[in-house]
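S.K.:
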Amino acid sequence: MFCPNCGFPYGPDDRFCGRCGAALPAREDASPASPSPEPSPPRLAQSGGCPGL
2 MFCPNCGFPY GPDDRFCGRC GAALPAREDA SPASPSPEPS PPRLAQSGGC
52 PGL
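Going by the numbering used here, the residue at position 51 of the sequence shown is 52; the numbering climbs one at a time, nothing skipped.
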């Protein structure tokens, strides 16, 4: 990531640029703090074997 003011590279935990002192944009987490599992698709009822035998 680079400072939007001067282009100096900065790390994910930096809040201010090490070269020009500009405030850096807030980091957005890629994942939520408590991820919820995706719901599984509904299961179809299984039939009782081969009908008509």
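Idealized CB from N, CA, C, for every residue including glycine.
Keep in mind the model is a prediction, meaning the values are calculated, not measured.
Exposed or buried, which one is residue 18 when buried takes at least 16 other CB atoms within 10 Å?
M.R.: As a first step, residue 18 is located in the sequence shown; it is residue number 17 there, counting from the start. The residue is buried, with at least 16 neighbouring Cβ atoms inside 10 Å.
S.K.: Quick one, which of 6, 26, 44 has its alpha-carbon nearest residue 20's?
M.R.: Along the sequence shown, read from residue 1 onward, the residue named residue 20 stands at position 19. Comparing Cα positions, the closest option is 6.
S.K.: Quick one: what's residue 3 bridged to in DSSP?
M.R.: Walking along the sequence shown from the start, residue 3 turns up at place 2. According to DSSP, residue 3 bridges with 10.
S.K.: Here's a check: name, in chain order, each residue in its chain whose Cβ is nearer than 7 Å to the Cβ of residue 28, leaving out the five neighbours to either side.
M.R.: Against the sequence shown, residue 28 aligns to sequence position 27. Once the five neighbours on either side are set aside, the close Cβ partners of residue 28 are 13.
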